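To start, the structure under review is shown below, and the notes come after it.
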Amino acid sequence: MSHLPTRVPDVESESRLADIRRKAAQQEPMNGGVIPLGAPFPPPQVTKGYYEIPLLKEPQWTNEIPLYFFVGGAAGAAAVVASAASIMNGDPDLVRSARWVAALGGLLSPPLLISDLGMPSRFLNMLRVFKVQSPMSVGAWTLMAFSTFSAASVFTNLMRRKLGNSTPVALIENAAGMLAAASGLVMASYTGVLVGATVIPVWNKHVGSLPMHFAASGLNSAVSILELMNHDDSRALNILGLAASGYEIAEGALIELDRDRTNRPLQHGRSGFFVRLGGLLSGPVPFTLRIAYALTGNKKLRRAAALSSLAGSLLTRFGWVEAGKASARDYQIPLSRAQS
Amino acid sequence: MPSLGTSFGRGGATTAQQDLQFSDAILIMGSSMAENHPVGFQWVMEARQKGAKVIHVDPRFNRTSAMADHWLPLRAGTDIVFLGALINYALTHGKYFREYVVHYTNAGTLLRKDFKDTEDLDGIFSGFDAEGKCYSPETWNYDGAPTTQSRNGKHPGHSDDTGGHGKDRGGEAGEIDQHKEDPTLQNPRCVFQVLKRHFSRYTADLVESSCGIPKAKFLEVAETFTSASGPEKTAAICYAVGWTQHSNGAQIIRAAAILQLLLGNIGRPGGGILALRGHATIQGSTDIPTLYDILPGYLPMPFFEDDSDKLSEYIEKHTPKTGWWANFDKYVISLLKAWYGDAATKDNDFGFNFLPRVSGDHSHFGYWLDMADGKMDGLFVMGQNPAVGAPNARLERKALSKLKWLVVRDLVETETASFWKDAPEISRGELRTEDITTEIFFLPAAGHAEKAGSYTNTQRLVQFREKAVDPQGDCRGETWFMYHLGLRLKKRAAQIPSVRNAGLNALTWQYETEGPHDEPVAEDILAEINGFKTSNREQISGYKELKNDGSTACGCWIYSGVMPSRDQNKALKREPKGRYGHGWGYAWPSDRRILYNRASARPDGEPWSERKKLVWWDKDEKKWIGLDIPDFTETKAPDYKPGRNAKGDDALAGDKPFIMHQDGVGWIWVSSGLKDGPLPTHYEPLESVSTNPLYPNRLISPVADKKERSDNAYAFPNDQRFPYILSTYRLTEHHTAGGMSRLLPHLAELQPELFAEISPELAVQLKVKHGRYVTISTMRGVIEARALITERIKSLLIDGKTVHQVCVPYHFGYKGLVTGDTVNDLLAISEEPNVRIMETKALVCNVRAGRIPHDKNDLKIWRQELGRPA
Amino acid sequence: MSTDTTAFLTDSTLCIGCKACEVACKEWNQLPDDGFKWSGNSYDNTGALGHSTWRHVKFVEGTPEAGIGGNSGEQLPAWSFSSDVCKHCEIAGCLDACPTGAIVRMEFGAVYIQPDVCNGCSYCVVSCPFGVVQRNVDDGRAFKCTFCSDRQRAGLEPACAKACPTESIKFGKLDELTAEAESRLQALKARGIHDAVIYNPTETSVGGIHSLFLLRGDPSSFNLPPQPEAPVIYMKKGWTSAAIAAGSMLALALMSFMGARR
Ligand SMILES: Nc1nc2c(c(=O)[nH]1)N[C@H]1C(S)=C(S)[C@@H](COP(=O)(O)OP(=O)(O)OC[C@H]3O[C@@H](n4cnc5c(=O)[nH]c(N)nc54)[C@H](O)[C@@H]3O)O[C@H]1N2
Ligand SMILES: Nc1nc2c(c(=O)[nH]1)N[C@H]1C(S)=C(S)[C@@H](COP(=O)(O)OP(=O)(O)OC[C@H]3O[C@@H](n4cnc5c(=O)[nH]c(N)nc54)[C@H](O)[C@@H]3O)O[C@H]1N2
Ligand code: SF4
Ligand code: SF4
Ligand code: SF4
Ligand code: SF4
Ligand code: SF4
Ligand SMILES: [Mo]
């Protein structure tokens, strides 16, 4: 991209070149002067950085991680729904299904998490220590607790239905359910802190909203799964669905409105596509469908909303992890931006 | 090292790297010290911290330039113009150190009336023999000094086919101790005045128009450097192959020597000329030479035609009456005793005729061209990789295929060992593996950690190294190989006691051995090098003990003293003491770290200044003392005056620091020993894009040997086909021909591909993008390289015409983790007249955007380049 | 911090770009190569710090003026070199983030990854504000400069510092080197080199580093972030948000089912 035609140098053009250079050396790089094909090397500038080599390292998470975010989130929310329902002695079938969803999620999550490790055999090293300052550590322990309690809750639930409603078992079941719900609340939200509290600009920019975003997304998918399990006449679930997708609309709007460079991965490229589509499918689309269902009572609409929400929250998780990688590649941000 | 040898008396750096820290200015030229001698460079940094000005003159802005206070880009091959201008500046601006010049140099010496300068004869000195293409030094002689002649009427050191005698120790063509002189330096025929006239045309303007250095910048630097000398200050010069590898390399260094003598910078702390040598112990391999024309300790190898077969006559011819070399006979005879032991007797001239004779140009290029012409049967290649490292590598590789047998001893299978299967000539169809009849033996060598032995480094410091680990498998050290090869040859020779074998049969070859493989004990060899009394094999304490009657033996007189007793190996000592770390290793001669250091004191023996004191005369003790070991007879008083017919060292007065020279002074003027003239003169490189600004009718050195032939062709003067200057250099990340770096991942990854450094301006002209490939061609061959377009390369304005320089590192070859085209395919085999070195730093080439296919078509593309109208 | 904590002072005004440090580190730690790819970025073909490069020499090209070399005060160096390394932060993001406790603080202040504990979760990778630590995909674990803890334990200086011919890499006590950096800065300024700066982000949440740098011009041109922040500063915000999320989710669930009953 030479600004100059090929020239035949002579004394006069040489001297001109000389003082262009001198000027260039004094002021900033020699733009407007001679910029031969591919040269000179970019002189050091803040905006240029070091040969445009990213300062930060890209997240090295594999696809299991966003998948785990999705599964864990849904399972956690399901546990909450289960307990809420049973407390308010709602439909026992719904409670059972919710416990099952939670338990299955609790069963699926560890393998997903482990398979991403560089050394899966050493997963248990995570349980050597508990570090509050490490969301990853908090998460590992929470997951352990959650898997245990959610499993316990279905197990006791099974026993109760075999042995009939003996009070002690019911007590244990509810206790286990409560604990599963408690850890479920963390499960659904901590992943937001996990990605938010890092050096990746696009992630830590949203550290204040990510936990809510992921929690809402989790609730959204939990509700949807239950609905698809034929609990599609529960008004409560539809209300929760509406609330979740309502929140997603707001979240999506906020992201779209902020055109800050740091937000680019959420608006452009592969990651941008995922995040946007994810937002659409888990926000506006299910919201309108649910409203329509409430008015018409047509269950097809409700099931459609459920399917859309599931796809949406899955895409959202993938989108955010992708966005993190793209953000790390943007060498300019950590060089120019003065962080909060 | 002929320039340092002739100028000062010894073929070695006059100073030590550590001493640079005491300099007030350092001129680094013809070297990228930071890149190629990084460890030594710490002392330059040290000096810089103390406020010394560092000046780097180099075609490329490289890692050394980045550390310098001044970088001056110059057109490759114009160093003598630059240095000549510095000399002229010192002379015309009264910057020279007059008292030093008057007492310690031959500036006052009168020259013969019949001498004619290049300024008089348009580019040649008097005594030029046009068809012989060589000089007779007779007219260069001092006025009043009788000339010596060889049997064949030629003058010592000036018969055509030789590197030449006395080149490493001062000439010998005349008894120059007898001569007229004028201490006032007024006489128009005295060296000083001749010098003034000779360099009068080397001006700042010439530097600007010929080197491409802005006049103002030159003057600034000239002032900086020349004013950093005198009684209170000293300046040093560092050079390496950016100077030596030119068709007039020796004379470039001579120019530096003259400058340093004029400025009084030799023999003084922070002064001197630091020859930055190459391979570990490359200095050692000239002290105990791997060269064909000298014997250990810079004794001349006898030549077939101009040396007698009588020892007495040989000695007579090579022994000056005055100066240290008067001891010549002792050193030769002791060497013969070391080599031939009891077989060397008075009656058989101590086996003088066991020594082979030089009968032609036996230098690398001399015999390699013979090889190319099928005149050689076999070759040992040990610790060398000429298939990549030698100029016109294409010719060199093809020549190998003409051998009957080839032995390669190396750490790794080098290109030289495998040329028969993977050389470019094979892929280009120039050679067919099936047709190559050469039988090749690859013998694995032990690395330096796997064997004991010594290095002699760039500052003449002999350092002994113990074996760290045993070599693996069949790997063996050099001493093992040589020793056992010797045994086998002697066994053979013993069966056929012909005259031809007499030397081999007489050769002493008993060394202590150790280990399962009978490895000779390196210290046993060092003991022989140090020398001993033949009567009782008792070690001698130094070369002063050597005798000319066969009662002493010594393998290399200058090293004598390194092992004064069997249990005392000074090269192995690791207890540095004092400013120069005496007690760490052993610097020849006599552990002197700064040579000619008598010059650090005034004629009366007092230091020139407190700041620059080094050795001085202690009036009470009546001896020379100081921070270094005096390079002077310890008890010779400053006011000592020699008697009428005193001989040897006694013939030198107490104020003559250059004790190796017949007249005891530093030589601004070299009356003989150099084959291309008594003074440096600028000639263009053998291939040049310019004309000689000084002598339009004398483009190149009249005595350089181009070895021109169809397979070693040259571009015409100002050849339009090859409009750019090509210069080759080194990268810190690689080592020479790459055998030691291209195979090591941790080095190979740092510079993984061959590139050419090109200026942005040239890039525009060539329409080449950064990082894309360019094709570079010369009259010898064609290669491709990545374009590294950088502002660090400046196109220069020479005579109003823009000249572009292209610089390429030469480390790459076709083997290893990282490979690249062999840059030496582009170079020509040529011989500088004194040391027979090739010109690697300045030639001409063409550059095009694009690649070459690396098959038959390479040659098509290349011929197209040659075919373009000249 | 205790006075016997050690540190590096990497003085790029003394660096000759010989890469001895980079090679010495790889040799001592027997690291793999980064592959053999020509970058065209001046003489730097290894790019950046990573799992296989723990010392890395950067080459920044400017515009050389004929007759003005790198260290005259007259202008910016035309070609400057700087050897980068793990900063061994006072508040080390990688250390805090590590869920296995593989990353520990050594007695002399080093931030050290215990290779026998690391399980390769790669969370440290997204927690280092300097982009230093990285997971080796073949091996699975994360790697970075060990501060030659093995050598320091044995009373030796780090291999990189040992190899540096020009003392561009100084190794010593943190407090002493901090002082030395200051005096060196003054010395350079006195020589007219006004663009010399010390890089030691003490104002940010990183709270200072054990690898101080002295260089000319803008640290950004060497990829040194002007304001590195350890993830710890995001925790409060993050967990608050998580708490709100959890609280409102629970409340919502209860309310919706309560409402559903009527
Ligand atoms: N890392 C490393 N170190 C080495 C070696 C190695 O291969 N790698 N090799 C060793 C050996 S064998 C040797 S001989 C030495 C050589 O050491 P150097 O002589 O320093 O090596 P080069 O890089 O070949 O040449 C030095 C400089 O000369 C410049 N130059 C080229 N033409 C001219 C000219 O006409 N005039 C002037 N003034 N300068 C010119 C080049 O641009 C280059 O910067 O290094 C030794 N040290
Ligand atoms: N274009 C161009 N060409 C040049 C130069 C230039 O500047 N430009 N420089 C010239 C100079 S100065 C030099 S010195 C030459 C160097 O050229 P060469 O000497 O041909 O190249 P090296 O790679 O140094 O070869 C040394 C070999 O010895 C092997 N070796 C190392 N240690 C041992 C040992 O202990 N025993 C044995 N048997 N082998 C060992 C190494 O593996 C290596 O292969 O190149 C010259 N060629
Ligand atoms: S390689 Fe050896 S000789 Fe060369 S600079 Fe380094 S230490 Fe010195
Ligand atoms: S620089 Fe990065 S890797 Fe090094 S200690 Fe700081 S946070 Fe950890
Ligand atoms: S990758 Fe290893 S060192 Fe890094 S955080 Fe995970 S366990 Fe700790
Ligand atoms: S301290 Fe040791 S590990 Fe760290 S960079 Fe230096 S050599 Fe490498
Ligand atoms: S070893 Fe020292 S001088 Fe060489 S690159 Fe590293 S820091 Fe710079
Ligand atoms: Mo060399």
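Chains as they are written, first to last, in this note's numbering: chain A, 639 to 978; chain B, 487 to 1356; chain C, 1473 to 1734. We put the beta carbon where it would ideally sit given N, CA and C, even for glycine. Since the structure is predicted, the reported quantities are computational estimates derived from the model, not experimental observations.
Does DSSP put residue i in a helix, in a strand, or in coil?
i: Q1586(C); result: coil
i: I1641(C); result: strand
i: K682(B); result: helix
i: E1005(B); result: strand
i: L927(A); result: helix
i: H1068(B); result: strand
i: M850(A); result: helix
i: D615(B); result: strand
i: M531(B); result: helix
i: C1620(C); result: coil
i: D833(B); result: coil
Going by DSSP, what residue range makes up the beta strand (DSSP E) through residue i?
i: I926(B); result: E925 to P930
i: W1043(B); result: Here W1043(B) belongs to no beta strand (DSSP E), and DSSP marks it neither H nor E.
i: C1632(C); result: No beta strand (DSSP E) contains C1632(C), which is instead part of the alpha helix (DSSP H) from A1631 to A1635.
i: C1293(B); result: Q1291 to P1295
i: K1109(B); result: K1109 to G1112
i: N1332(B); result: L1329 to A1335
With a 10 Å radius around its C-beta and 16 neighbouring C-beta atoms as the bar for buried, classify residue i as buried or exposed.
i: E1243(B); result: buried
i: N1358(B); result: One cannot answer for residue 1358(B) here, as it falls past the ends of chain B, which runs 487 to 1356.
i: S847(A); result: buried
i: E666(A); result: For E666(A), the predicted structure reports a pLDDT of 40, less than 50, and the residue's modelled location is therefore unreliable. A value from the coordinates is still provided. Exposed, since its Cβ has fewer than 16 Cβ neighbours within 10 Å.
i: L642(A); result: Only weak support is given to the placement of L642(A): the predicted model assigns it a pLDDT of 35, under 50, and the value that follows is read from those uncertain coordinates. L642(A) should be labelled exposed.
i: W891(B); result: exposed
i: T1121(B); result: exposed
i: H1256(B); result: buried
i: D1053(B); result: exposed
i: N1357(B); result: Lying before the first or after the last residue shown, residue 1357(B) is absent from chain B, which here runs from 487 to 1356.
i: P669(B); result: exposed
i: S1655(C); result: exposed
i: Q507(B); result: buried
i: E1219(B); result: buried
How would you write the range of the alpha helix (DSSP H) that residue i sits in, first residue to last?
i: Y441(B); result: The shown model of chain B, from 487 to 1356, leaves out residue 441(B), and the question about it has no answer.
i: T836(A); result: Run containing T836(A): none; DSSP gives neither H nor E here.
i: S1554(C); result: First-last for S1554(C): W1551 to V1557, but that is the beta strand (DSSP E), not the alpha helix (DSSP H).
i: P488(B); result: P488 to F494
DSSP puts residue i in a beta bridge; with which residues?
i: L558(B); result: V543(B)
i: I759(B); result: I723(B)
i: A1614(C); result: R1607(C)
Let me have the residue list for ligand 4: C-beta closer than 6 Å to any non-hydrogen atom, ordered along the chain.
C1558(C), K1559(C), H1560(C), C1561(C), A1564(C), G1565(C), C1566(C), V1583(C), C1600(C), F1602(C), V1604(C), V1605(C) and K1616(C)
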